[in-house]
(Lines of atoms letter the chains of each structure in order from A and count residues from 1; the text may use other names and numbers.)
(Lines give C-alpha, C1' and ligand atoms only; values in the text may rest on other atoms or scores of the structure.)
Protein backbone atom coordinates (compact mmCIF):
# COMPACT_ATOMS: atom_id res chain seq x y z
CA UNK A 1 0.00 0.00 0.00
CA UNK A 2 2.76 2.41 0.99
CA UNK A 3 4.71 1.48 -2.15
CA UNK A 4 1.67 2.25 -4.31
CA UNK A 5 1.29 5.66 -2.65
CA UNK A 6 4.94 6.45 -3.31
CA UNK A 7 4.53 5.52 -6.96
CA UNK A 8 1.40 7.64 -7.19
CA UNK A 9 3.19 10.63 -5.70
CA UNK A 10 6.12 10.11 -8.05
CA UNK A 11 3.78 9.99 -11.05
CA UNK A 12 2.08 13.15 -9.84
CA UNK A 13 5.38 15.00 -9.54
CA UNK A 14 6.35 13.87 -13.04
CA UNK A 15 3.06 15.17 -14.43
CA UNK A 16 3.51 18.50 -12.65
CA UNK A 17 7.06 18.81 -13.94
CA UNK A 18 5.89 18.09 -17.47
CA UNK A 19 3.03 20.58 -17.09
CA UNK A 20 5.51 23.28 -16.01
CA UNK A 21 7.68 22.53 -19.02
CA UNK A 22 4.71 22.68 -21.40
CA UNK A 23 3.44 25.95 -19.92
CA UNK A 24 6.88 27.53 -20.16
CA UNK A 25 7.01 26.49 -23.82
CA UNK A 26 3.85 28.54 -24.35
CA UNK A 27 5.75 31.69 -23.32
CA UNK A 28 8.64 30.84 -25.65
CA UNK A 29 6.32 30.28 -28.63
CA UNK A 30 4.38 33.46 -27.88
CA UNK A 31 7.42 35.74 -27.79
CA UNK A 32 9.01 34.09 -30.81
CA UNK A 33 5.80 34.52 -32.82
CA UNK A 34 5.29 38.04 -31.56
CA UNK A 35 8.75 39.08 -32.74
CA UNK A 36 7.91 37.82 -36.22
CA UNK A 37 4.70 39.83 -36.24
CA UNK A 38 6.28 42.95 -34.74
CA UNK A 39 6.93 44.43 -38.19
CA UNK A 40 3.25 44.06 -39.04
CA UNK A 41 2.35 45.66 -35.73
CA UNK A 42 4.56 48.69 -36.44
CA UNK A 43 3.10 49.04 -39.91
CA UNK A 44 -0.44 48.89 -38.57
CA UNK A 45 0.40 51.52 -35.97
CA UNK A 46 1.82 53.81 -38.64
CA UNK A 47 -1.28 53.38 -40.76
CA UNK A 48 -3.42 53.88 -37.68
CA UNK A 49 -1.63 57.09 -36.82
CA UNK A 50 -2.31 58.54 -40.26
CA UNK A 51 -5.94 57.44 -40.14
CA UNK A 52 -6.29 58.86 -36.65
CA UNK A 53 -4.92 62.25 -37.71
CA UNK A 54 -7.25 62.39 -40.72
CA UNK A 55 -10.22 61.38 -38.60
CA UNK A 56 -9.60 64.06 -35.98
CA UNK A 57 -8.78 66.73 -38.57
CA UNK A 58 -12.04 66.02 -40.35
CA UNK A 59 -13.90 66.14 -37.06
CA UNK A 60 -12.41 69.51 -36.08
CA UNK A 61 -12.99 71.00 -39.52
CA UNK A 62 -16.65 70.10 -39.24
CA UNK A 63 -16.82 71.61 -35.78
CA UNK A 64 -15.04 74.78 -36.93
CA UNK A 65 -17.44 75.14 -39.85
CA UNK A 66 -20.32 75.12 -37.41
CA UNK A 67 -18.65 77.88 -35.39
CA UNK A 68 -18.11 75.74 -32.32
CA UNK A 69 -14.35 75.40 -32.33
CA UNK A 70 -12.88 78.10 -34.53
CA UNK A 71 -9.21 79.08 -34.53
CA UNK A 72 -10.19 82.67 -33.87
CA UNK A 73 -12.01 81.83 -30.66
CA UNK A 74 -9.14 79.63 -29.53
CA UNK A 75 -6.52 82.36 -30.10
CA UNK A 76 -8.68 84.88 -28.31
CA UNK A 77 -9.29 82.54 -25.41
CA UNK A 78 -5.57 81.84 -25.00
CA UNK A 79 -4.58 85.50 -25.04
CA UNK A 80 -7.13 86.86 -22.60
CA UNK A 81 -9.15 84.23 -20.80
CA UNK A 82 -9.94 86.58 -17.91
CA UNK A 83 -11.66 89.22 -20.05
CA UNK A 84 -15.14 87.75 -20.01
CA UNK A 85 -16.68 90.96 -21.31
CA UNK A 86 -15.10 90.29 -24.70
CA UNK A 87 -14.78 86.50 -24.81
CA UNK A 88 -17.76 84.19 -24.94
CA UNK A 89 -17.42 81.42 -22.38
CA UNK A 90 -18.08 78.78 -25.03
CA UNK A 91 -14.66 79.58 -26.50
CA UNK A 92 -13.04 78.45 -23.26
CA UNK A 93 -15.40 75.54 -22.87
CA UNK A 94 -14.75 74.21 -26.36
CA UNK A 95 -10.99 74.68 -26.06
CA UNK A 96 -10.95 72.85 -22.74
CA UNK A 97 -13.10 69.96 -23.97
CA UNK A 98 -11.56 69.91 -27.45
CA UNK A 99 -8.02 69.23 -26.27
CA UNK A 100 -9.13 66.38 -24.05
CA UNK A 101 -11.40 64.90 -26.73
CA UNK A 102 -8.58 64.92 -29.29
CA UNK A 103 -6.22 63.18 -26.90
CA UNK A 104 -8.88 60.65 -25.96
CA UNK A 105 -9.73 59.87 -29.57
CA UNK A 106 -6.10 59.20 -30.48
CA UNK A 107 -5.50 57.01 -27.43
CA UNK A 108 -8.67 55.04 -28.06
CA UNK A 109 -7.77 54.54 -31.72
CA UNK A 110 -4.28 53.20 -30.96
CA UNK A 111 -5.59 51.08 -28.10
CA UNK A 112 -8.06 49.36 -30.43
CA UNK A 113 -5.31 48.54 -32.93
CA UNK A 114 -3.00 47.16 -30.24
CA UNK A 115 -5.71 45.02 -28.66
CA UNK A 116 -6.75 43.64 -32.04
CA UNK A 117 -3.19 42.71 -33.00
CA UNK A 118 -2.43 41.17 -29.61
CA UNK A 119 -5.59 39.09 -29.84
CA UNK A 120 -4.56 37.84 -33.29
CA UNK A 121 -1.11 36.90 -31.99
CA UNK A 122 -2.57 35.06 -28.99
CA UNK A 123 -4.96 33.08 -31.16
CA UNK A 124 -2.19 32.13 -33.58
CA UNK A 125 0.17 31.06 -30.81
CA UNK A 126 -2.50 29.17 -28.90
CA UNK A 127 -3.57 27.13 -31.93
CA UNK A 128 0.04 26.24 -32.77
CA UNK A 129 0.89 25.36 -29.19
CA UNK A 130 -2.11 23.19 -28.30
CA UNK A 131 -1.51 20.95 -31.32
CA UNK A 132 2.22 20.57 -30.63
CA UNK A 133 3.23 16.92 -30.03
CA UNK A 134 5.09 15.94 -26.85
CA UNK A 135 7.86 13.43 -27.54
CA UNK A 136 8.06 12.19 -23.94
CA UNK A 137 4.34 11.33 -24.00
CA UNK A 138 4.38 9.17 -27.11
CA UNK A 139 3.52 12.03 -29.42
CA UNK A 140 0.43 13.24 -27.55
CA UNK A 141 -0.46 16.85 -28.26
CA UNK A 142 -0.56 19.49 -25.53
CA UNK A 143 -4.34 19.48 -25.83
CA UNK A 144 -4.53 15.71 -25.38
CA UNK A 145 -2.19 15.87 -22.39
CA UNK A 146 -4.29 18.38 -20.46
CA UNK A 147 -7.62 16.85 -21.48
CA UNK A 148 -6.39 13.56 -20.05
CA UNK A 149 -6.07 14.97 -16.52
CA UNK A 150 -9.02 13.67 -14.48
CA UNK A 151 -7.68 14.50 -11.01
CA UNK A 152 -9.30 17.78 -9.93
CA UNK A 153 -6.67 18.55 -7.28
CA UNK A 154 -3.93 18.03 -9.86
CA UNK A 155 -5.74 20.26 -12.35
CA UNK A 156 -6.09 23.06 -9.77
CA UNK A 157 -2.38 22.80 -9.04
CA UNK A 158 -1.60 23.05 -12.76
CA UNK A 159 -3.93 26.06 -13.06
CA UNK A 160 -2.03 27.71 -10.20
CA UNK A 161 1.28 27.00 -11.92
CA UNK A 162 -0.12 28.45 -15.15
CA UNK A 163 -1.24 31.60 -13.33
CA UNK A 164 2.37 32.18 -12.24
CA UNK A 165 4.31 30.82 -15.21
CA UNK A 166 2.31 31.92 -18.26
CA UNK A 167 2.99 35.52 -19.23
CA UNK A 168 -0.28 35.95 -21.14
CA UNK A 169 -3.77 34.59 -20.44
CA UNK A 170 -3.63 31.01 -19.26
CA UNK A 171 -4.47 28.46 -21.97
CA UNK A 172 -8.17 27.99 -22.57
CA UNK A 173 -7.71 24.20 -22.55
CA UNK A 174 -7.19 24.25 -18.79
CA UNK A 175 -10.25 26.37 -18.03
CA UNK A 176 -12.48 24.28 -20.30
CA UNK A 177 -11.23 21.15 -18.59
CA UNK A 178 -12.03 22.68 -15.20
CA UNK A 179 -15.61 23.40 -16.23
CA UNK A 180 -16.15 19.70 -16.99
CA UNK A 181 -16.01 19.14 -13.21
CA UNK A 182 -19.07 21.37 -12.77
CA UNK A 183 -19.88 22.91 -9.38
CA UNK A 184 -17.21 20.79 -7.73
CA UNK A 185 -14.55 22.43 -9.88
CA UNK A 186 -15.72 25.94 -9.03
CA UNK A 187 -15.81 25.11 -5.31
CA UNK A 188 -12.20 23.98 -5.61
CA UNK A 189 -11.22 27.25 -7.29
CA UNK A 190 -12.87 29.20 -4.48
CA UNK A 191 -11.19 27.15 -1.74
CA UNK A 192 -7.74 26.84 -3.34
CA UNK A 193 -7.15 29.78 -5.68
CA UNK A 194 -9.05 32.46 -3.74
CA UNK A 195 -7.19 31.55 -0.59
CA UNK A 196 -5.53 34.50 1.14
CA UNK A 197 -2.45 32.35 1.81
CA UNK A 198 -1.29 33.27 -1.70
CA UNK A 199 -1.36 36.96 -0.73
CA UNK A 200 0.32 36.24 2.59
CA UNK A 201 3.17 34.49 0.77
CA UNK A 202 3.73 37.55 -1.36
CA UNK A 203 3.54 39.95 1.58
CA UNK A 204 6.00 37.87 3.58
CA UNK A 205 8.53 38.07 0.77
CA UNK A 206 7.91 41.79 0.35
CA UNK A 207 8.28 42.41 4.07
CA UNK A 208 11.44 40.31 4.15
CA UNK A 209 13.03 42.59 1.59
CA UNK A 210 11.91 45.78 3.30
CA UNK A 211 13.36 44.77 6.68
CA UNK A 212 16.93 45.56 5.64
CA UNK A 213 18.75 47.94 7.98
CA UNK A 214 20.99 50.80 6.93
CA UNK A 215 23.96 48.42 6.62
CA UNK A 216 22.24 46.01 4.23
CA UNK A 217 21.40 46.39 0.59
CA UNK A 218 18.06 45.05 -0.56
CA UNK A 219 19.85 42.16 -2.26
CA UNK A 220 21.76 41.27 0.93
CA UNK A 221 18.58 41.35 2.98
CA UNK A 222 16.87 39.15 0.45
CA UNK A 223 19.71 36.62 0.60
CA UNK A 224 19.99 36.70 4.39
CA UNK A 225 16.42 35.49 4.79
CA UNK A 226 16.61 32.09 6.49
CA UNK A 227 13.77 30.86 4.28
CA UNK A 228 15.66 31.57 1.06
CA UNK A 229 15.14 28.73 -1.44
CA UNK A 230 13.79 28.01 -4.87
CA UNK A 231 10.19 28.35 -3.68
CA UNK A 232 10.70 32.10 -3.37
CA UNK A 233 9.83 32.74 -7.00
CA UNK A 234 6.42 31.18 -6.39
CA UNK A 235 6.03 33.28 -3.23
CA UNK A 236 6.96 36.42 -5.14
CA UNK A 237 4.32 35.89 -7.80
CA UNK A 238 1.75 33.93 -5.79
CA UNK A 239 -0.68 36.86 -5.86
CA UNK A 240 -1.28 35.98 -9.53
CA UNK A 241 -3.11 32.81 -8.44
CA UNK A 242 -6.15 34.55 -6.87
CA UNK A 243 -6.18 36.99 -9.79
CA UNK A 244 -6.62 34.03 -12.13
CA UNK A 245 -9.19 32.51 -9.78
CA UNK A 246 -11.26 35.70 -9.98
CA UNK A 247 -11.15 35.58 -13.76
CA UNK A 248 -12.24 31.93 -13.83
CA UNK A 249 -15.18 32.68 -11.53
CA UNK A 250 -16.20 35.54 -13.80
CA UNK A 251 -16.95 33.06 -16.55
CA UNK A 252 -19.05 30.97 -14.16
CA UNK A 253 -22.09 33.23 -14.14
CA UNK A 254 -23.66 32.45 -10.77
CA UNK A 255 -24.50 34.36 -7.62
CA UNK A 256 -22.17 32.03 -5.73
CA UNK A 257 -19.24 33.12 -7.89
CA UNK A 258 -20.12 36.78 -7.32
CA UNK A 259 -20.34 36.30 -3.56
CA UNK A 260 -16.96 34.55 -3.54
CA UNK A 261 -15.27 37.39 -5.45
CA UNK A 262 -16.79 40.04 -3.19
CA UNK A 263 -15.83 38.09 -0.07
CA UNK A 264 -12.25 37.74 -1.31
CA UNK A 265 -11.98 41.50 -1.94
CA UNK A 266 -13.12 42.15 1.63
CA UNK A 267 -10.59 39.66 3.03
CA UNK A 268 -7.85 41.11 0.83
CA UNK A 269 -8.54 44.60 2.17
CA UNK A 270 -8.38 43.37 5.78
CA UNK A 271 -5.19 41.42 5.08
CA UNK A 272 -3.38 44.38 3.52
CA UNK A 273 -4.59 46.68 6.28
CA UNK A 274 -3.36 44.25 8.95
CA UNK A 275 -0.03 43.87 7.18
CA UNK A 276 0.49 47.63 7.15
CA UNK A 277 -0.40 47.79 10.83
CA UNK A 278 2.03 44.99 11.68
CA UNK A 279 4.83 46.66 9.75
CA UNK A 280 4.19 49.89 11.61
CA UNK A 281 4.32 48.11 14.96
CA UNK A 282 7.53 46.31 14.04
CA UNK A 283 9.12 49.57 12.94
CA UNK A 284 8.22 51.23 16.25
CA UNK A 285 9.56 48.29 18.23
CA UNK A 286 12.74 48.25 16.17
CA UNK A 287 13.39 51.93 16.78
CA UNK A 288 12.92 51.52 20.53
CA UNK A 289 14.91 48.34 21.01
CA UNK A 290 17.66 48.68 18.42
CA UNK A 291 20.89 47.13 19.76
CA UNK A 292 24.20 45.95 18.33
CA UNK A 293 26.34 47.44 15.65
CA UNK A 294 25.72 47.50 11.93
CA UNK A 295 28.95 45.54 11.47
CA UNK A 296 27.64 42.73 13.65
CA UNK A 297 24.41 42.61 11.65
CA UNK A 298 26.33 42.50 8.41
CA UNK A 299 28.41 39.56 9.69
CA UNK A 300 25.23 37.72 10.67
CA UNK A 301 23.70 38.43 7.29
CA UNK A 302 26.84 37.16 5.60
CA UNK A 303 26.73 33.96 7.64
CA UNK A 304 23.08 33.45 6.75
CA UNK A 305 23.96 33.99 3.12
CA UNK A 306 26.70 31.36 3.27
CA UNK A 307 24.39 28.96 5.09
CA UNK A 308 21.81 29.36 2.37
CA UNK A 309 24.43 28.99 -0.37
CA UNK A 310 25.28 25.64 1.21
CA UNK A 311 21.63 24.64 1.47
CA UNK A 312 22.16 21.70 -0.88
CA UNK A 313 24.72 20.11 1.45
CA UNK A 314 22.17 19.92 4.25
CA UNK A 315 18.93 19.32 2.39
CA UNK A 316 19.97 17.70 -0.86
CA UNK A 317 18.71 20.53 -3.07
CA UNK A 318 20.44 21.62 -6.25
CA UNK A 319 23.19 24.25 -6.22
CA UNK A 320 22.19 27.92 -6.17
CA UNK A 321 24.50 30.00 -8.33
CA UNK A 322 25.06 33.76 -8.27
CA UNK A 323 23.22 34.05 -11.58
CA UNK A 324 20.23 32.21 -10.08
CA UNK A 325 20.25 34.59 -7.13
CA UNK A 326 20.48 37.65 -9.36
CA UNK A 327 17.70 36.38 -11.60
CA UNK A 328 15.43 35.64 -8.65
CA UNK A 329 16.11 38.99 -7.01
CA UNK A 330 15.39 40.81 -10.27
CA UNK A 331 12.16 38.81 -10.52
CA UNK A 332 11.19 40.02 -7.07
CA UNK A 333 12.07 43.62 -7.89
CA UNK A 334 9.98 43.37 -11.05
CA UNK A 335 6.89 41.94 -9.41
CA UNK A 336 6.88 43.54 -5.97
CA UNK A 337 5.05 46.61 -7.24
CA UNK A 338 2.45 44.70 -9.22
CA UNK A 339 0.39 43.32 -6.33
CA UNK A 340 -1.52 46.58 -6.16
CA UNK A 341 -5.04 46.46 -4.67
CA UNK A 342 -6.18 48.32 -7.81
CA UNK A 343 -5.11 45.31 -9.88
CA UNK A 344 -7.44 43.11 -7.86
CA UNK A 345 -10.15 45.77 -7.98
CA UNK A 346 -10.07 45.91 -11.77
CA UNK A 347 -10.08 42.11 -12.05
CA UNK A 348 -13.00 41.82 -9.63
CA UNK A 349 -14.93 44.54 -11.47
CA UNK A 350 -14.47 42.86 -14.85
CA UNK A 351 -15.36 39.42 -13.47
CA UNK A 352 -18.53 40.70 -11.79
CA UNK A 353 -19.59 42.47 -14.98
CA UNK A 354 -19.03 39.20 -16.82
CA UNK A 355 -21.26 37.40 -14.31
CA UNK A 356 -23.97 39.95 -14.97
CA UNK A 357 -27.42 39.98 -13.37
CA UNK A 358 -26.66 37.27 -10.74
CA UNK A 359 -24.07 39.65 -9.25
CA UNK A 360 -26.56 42.47 -8.57
CA UNK A 361 -27.99 41.18 -5.29
CA UNK A 362 -24.60 40.34 -3.67
CA UNK A 363 -23.23 43.75 -4.72
CA UNK A 364 -26.32 45.60 -3.56
CA UNK A 365 -26.42 43.86 -0.18
CA UNK A 366 -22.80 44.76 0.58
CA UNK A 367 -22.74 48.31 -0.76
CA UNK A 368 -26.07 49.25 0.85
CA UNK A 369 -25.16 48.12 4.35
CA UNK A 370 -21.60 49.52 4.25
CA UNK A 371 -21.22 52.82 6.08
CA UNK A 372 -17.49 53.45 5.65
CA UNK A 373 -16.35 52.86 2.08
CA UNK A 374 -12.82 51.80 1.17
CA UNK A 375 -10.94 51.96 -2.11
CA UNK A 376 -12.04 48.54 -3.33
CA UNK A 377 -15.72 49.48 -2.98
CA UNK A 378 -15.43 51.83 -5.96
CA UNK A 379 -14.68 48.86 -8.22
CA UNK A 380 -17.74 47.07 -6.90
CA UNK A 381 -19.79 50.21 -7.57
CA UNK A 382 -18.49 50.31 -11.14
CA UNK A 383 -19.61 46.72 -11.62
CA UNK A 384 -23.04 47.41 -10.12
CA UNK A 385 -23.62 50.49 -12.28
CA UNK A 386 -22.53 48.66 -15.42
CA UNK A 387 -24.73 45.61 -14.83
CA UNK A 388 -27.73 47.38 -13.31
CA UNK A 389 -28.25 49.88 -16.13
CA UNK A 390 -30.35 47.12 -17.70
CA UNK A 391 -32.07 46.19 -14.42
CA UNK A 392 -32.94 49.56 -12.86
CA UNK A 393 -34.64 49.79 -9.47
CA UNK A 394 -35.17 52.36 -6.74
CA UNK A 395 -32.97 50.33 -4.41
CA UNK A 396 -30.03 50.39 -6.82
CA UNK A 397 -30.35 54.12 -7.48
CA UNK A 398 -30.43 54.92 -3.76
CA UNK A 399 -27.36 52.75 -3.20
CA UNK A 400 -25.32 54.54 -5.89
CA UNK A 401 -26.51 57.96 -4.72
CA UNK A 402 -25.48 57.10 -1.15
CA UNK A 403 -22.05 56.02 -2.37
CA UNK A 404 -21.65 59.30 -4.25
CA UNK A 405 -22.27 61.19 -1.01
CA UNK A 406 -19.99 59.07 1.18
CA UNK A 407 -17.18 57.76 -1.04
CA UNK A 408 -14.02 59.86 -1.34
CA UNK A 409 -13.58 59.30 -5.09
CA UNK A 410 -16.25 61.65 -6.42
CA UNK A 411 -15.13 61.34 -10.05
CA UNK A 412 -15.60 57.57 -10.08
CA UNK A 413 -18.93 57.75 -8.33
CA UNK A 414 -20.17 60.47 -10.69
CA UNK A 415 -19.22 58.22 -13.57
CA UNK A 416 -21.11 55.34 -11.94
CA UNK A 417 -24.26 57.43 -11.68
CA UNK A 418 -23.91 58.48 -15.30
CA UNK A 419 -23.33 54.92 -16.44
CA UNK A 420 -26.37 53.73 -14.48
CA UNK A 421 -28.39 56.32 -16.35
CA UNK A 422 -30.94 57.79 -13.94
CA UNK A 423 -31.43 61.51 -14.63
CA UNK A 424 -32.45 62.15 -11.03
CA UNK A 425 -28.73 62.21 -10.21
CA UNK A 426 -28.19 65.49 -12.11
CA UNK A 427 -29.08 67.80 -9.17
CA UNK A 428 -26.68 65.93 -6.87
CA UNK A 429 -23.83 66.20 -9.38
CA UNK A 430 -24.49 69.87 -10.12
CA UNK A 431 -24.86 70.57 -6.41
CA UNK A 432 -21.42 69.15 -5.68
CA UNK A 433 -19.76 71.33 -8.34
CA UNK A 434 -21.67 74.42 -7.24
CA UNK A 435 -20.60 73.90 -3.64
CA UNK A 436 -16.95 73.26 -4.55
CA UNK A 437 -16.52 75.48 -7.63
CA UNK A 438 -13.69 77.49 -6.03
CA UNK A 439 -11.64 74.37 -5.27
CA UNK A 440 -12.49 71.93 -8.04
CA UNK A 441 -9.73 70.95 -10.49
CA UNK A 442 -10.14 70.80 -14.31
CA UNK A 443 -10.24 66.99 -14.37
CA UNK A 444 -13.12 66.91 -11.90
CA UNK A 445 -14.97 69.64 -13.76
CA UNK A 446 -14.52 67.83 -17.06
CA UNK A 447 -15.56 64.45 -15.63
CA UNK A 448 -18.66 65.84 -13.95
CA UNK A 449 -19.52 67.70 -17.14
CA UNK A 450 -19.41 64.46 -19.12
CA UNK A 451 -21.47 62.64 -16.48
CA UNK A 452 -24.16 65.32 -16.40
CA UNK A 453 -24.24 65.50 -20.20
CA UNK A 454 -24.63 61.71 -20.40
CA UNK A 455 -27.61 61.98 -18.06
CA UNK A 456 -29.21 64.64 -20.27
CA UNK A 457 -28.23 67.75 -18.32
CA UNK A 458 -25.84 70.65 -18.74
CA UNK A 459 -23.12 72.30 -16.69
CA UNK A 460 -22.43 75.24 -19.02
CA UNK A 461 -23.24 77.84 -16.36
CA UNK A 462 -20.63 76.41 -13.99
CA UNK A 463 -18.05 76.18 -16.76
CA UNK A 464 -18.66 79.86 -17.53
CA UNK A 465 -18.04 80.86 -13.90
CA UNK A 466 -15.02 78.59 -13.71
CA UNK A 467 -13.22 80.19 -16.63
CA UNK A 468 -14.36 83.74 -15.90
CA UNK A 469 -12.88 83.50 -12.42
CA UNK A 470 -9.66 81.99 -13.77
CA UNK A 471 -9.84 79.28 -11.11
CA UNK A 472 -7.86 76.76 -13.11
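Numbering (the working numbering), first residue to last: 584 to 1055. Even for Gly, the Cβ is constructed at its ideal location relative to N, Cα and C.
**Request:** Can you say whether residue 611 is buried or exposed, counting buried as having 16 or more other CB atoms within 10 angstroms of its CB?
**Result:** By the neighbour-count rule (16 or more Cβ atoms within 10 Å), residue 611 is not buried but exposed.
**Asked** Between the Cα of residue 822 and the Cα atoms of 987, 961, 925 and 994, which residue gives the shortest distance?
**Response** Comparing Cα positions, the closest option is 925.
**Item:** Residues that residue 724 bridges to, as DSSP identifies them
**Value:** Secondary-structure assignment with DSSP links residue 724 through a beta bridge to 716.
**Prompt:** Nearest-angstrom Cα distance between residue 941 and residue 719?
**Reply:** Rounded to the nearest angstrom, the two C-alpha atoms are 45 Å apart.
**Message:** Could you tell me the alpha carbon to alpha carbon distance between residue 1035 and residue 980, rounded to whole angstroms?
**Reply:** Roughly 16 Å between the two C-alpha positions.
**Asked** Quick one: what does DSSP say residue 709 is sitting in, helix, strand or coil?
**Response** Three-state result, residue 709: helix.
**Request:** Report buried or exposed for residue 826, applying the criterion of at least 16 other Cβ atoms within 10 angstroms of its Cβ.
**Result:** By the neighbour-count rule (16 or more Cβ atoms within 10 Å), residue 826 is buried.
**Prompt:** For the 8 Å Cβ check, are there 3 or more pairs between the segment 747-763 and the segment 773-786?
**Reply:** Touching, no.
**Asked** Using 8 Å as the threshold, is the segment 845-857 in touch with the segment 956-969, meaning 3 or more CB pairs across them?
**Response** Touching, yes.
**Prompt:** Does the segment 712-730 come close enough to the segment 742-753 that 3 or more CB-CB pairs lie under 8 Å?
**Reply:** Short answer: they don't touch.
**Message:** On the CB-based measure, 16 or more other CB atoms within 10 Å of its CB, does residue 998 come out buried or exposed?
**Reply:** Counting the other Cβ atoms within 10 Å of the Cβ of residue 998 gives 16 or more, which makes it buried.
**Asked** How long is the line joining the alpha carbons of residue 727 and residue 595, rounded to whole angstroms?
**Response** The alpha-carbon atoms of residue 727 and residue 595 are separated by roughly 17 Å.
**Request:** Please list, in chain order, all residues of the same chain as residue 812 whose beta carbon is under 6 Å from its beta carbon, the five residues on each side excluded.
**Result:** Only weak support is given to the placement of residue 812: the predicted model assigns it a pLDDT of 42, under 50, and the question is left unresolved by the model.
**Asked** What is the rounded straight-line gap between the Cα of residue 832 and the Cα of residue 733?
**Response** If you draw a straight line from the Cα of residue 832 to the Cα of residue 733, it is about 20 Å long.
**Request:** State yes or no: is the C-beta of residue 737 within less than 8 Å of the C-beta of residue 767?
**Result:** No, the Cβ-Cβ distance between residue 737 and residue 767 is not below 8 Å.
**Asked** Hey, residue 1048 and residue 1009: beta-carbon distance below 8 Å or not?
**Response** Cβ atoms of residue 1048 and residue 1009: not closer than 8 Å.
**Asked** If we count the other Cβ atoms within 10 Å of its Cβ and call it buried at 16 or more, is residue 976 buried or exposed?
**Response** Answer is exposed; the Cβ neighbour count stays below 16.
**Secondary structure, alpha helix (DSSP H): runs of 4+ residues fully inside the segment 921-974** = Fully enclosed alpha helix (DSSP H) runs of 4 or longer: 924-938, 943-952 and 958-971.
**Prompt:** Taking the C-alpha atoms as reference points, what is the distance between residue 931 and residue 950?
**Reply:** Whole-angstrom Cα-Cα distance: 15 Å.
**Item:** residue 592 classed as buried or exposed, judged by whether at least 16 other C-beta atoms fall within 10 angstroms
**Value:** Label assigned to residue 592: exposed.
**Message:** Using only the alpha-carbon positions, how far apart do residue 862 and residue 790 sit?
**Reply:** Answer to the nearest angstrom: the Cα atoms are 8 Å apart.
**Prompt:** When burial is assigned at 16 or more other CB atoms within 10 Å of the CB, is residue 842 buried or exposed?
**Reply:** When all chains shown are included, residue 842 counts as buried.
**Prompt:** Counting along the chain, where does the alpha helix (DSSP H) carrying residue 1001 start and finish?
**Reply:** Counting along the chain, residue 1001 sits inside the alpha helix (DSSP H) bounded by residues 993-1003.
**Asked** How about residue 776 and residue 741: are their beta carbons less than 8 Å apart?
**Response** Contact flag unset, no.
**Prompt:** What do you get for residue 828, buried or exposed, if any count of 16 or more other CB atoms within 10 angstroms of its CB means buried?
**Reply:** Residue 828 is buried by the Cβ-count criterion.
**Prompt:** Secondary structure at residue 766, three-state DSSP: helix, strand or coil?
**Reply:** In the displayed model, residue 766 falls within a helix according to three-state DSSP.
**Request:** Could you please give the first and the last residue of the uninterrupted alpha helix (DSSP H) stretch that includes residue 743?
**Result:** Element bounds for residue 743: 735-748.
**Item:** Helix, strand or coil at residue 1023 according to DSSP, with G and I counted as helix
**Value:** Coil at residue 1023, not helix or strand.
**Message:** Measuring only the C-alpha atoms, how far is residue 1040 from residue 1006?
**Reply:** Cα to Cα, residue 1040 sits roughly 8 Å from residue 1006.
**Message:** I'd like to check one pair, residue 1031 with residue 1012: are the Cβ atoms closer than 8 Å?
**Reply:** Yes. Within cutoff.
**Asked** Under the rule that 16 or more other beta-carbon atoms within 10 Å means buried, what is residue 944, buried or exposed?
**Response** It is exposed - the Cβ of residue 944 has fewer than 16 other Cβ atoms within 10 Å.
**Asked** Relative to the alpha-carbon of residue 1065, which residue among 982, 1043 and 608 has its alpha-carbon at the smallest distance?
**Response** In the structure as shown, the chain begins at 584 and stops at 1055. Residue 1065 is therefore absent and cannot be evaluated.
**Request:** In angstroms with no decimal places, state the Cα-to-Cα distance between residue 990 and residue 787.
**Result:** Rounded to whole angstroms, the gap between the alpha carbons of residue 990 and residue 787 is 31 Å.
**Prompt:** Which of the three DSSP states, helix, strand or coil, is assigned to residue 1040?
**Reply:** Coil, per DSSP.
**Request:** Enumerate in chain order the residues of its own chain whose CB-to-CB distance from residue 1038 is below 8 Å, with the five nearest sequence positions on each side excluded.
**Result:** Hits under 8 Å: 1000, 1001, 1004, 1005, 1006, 1008, 1009 and 1012.
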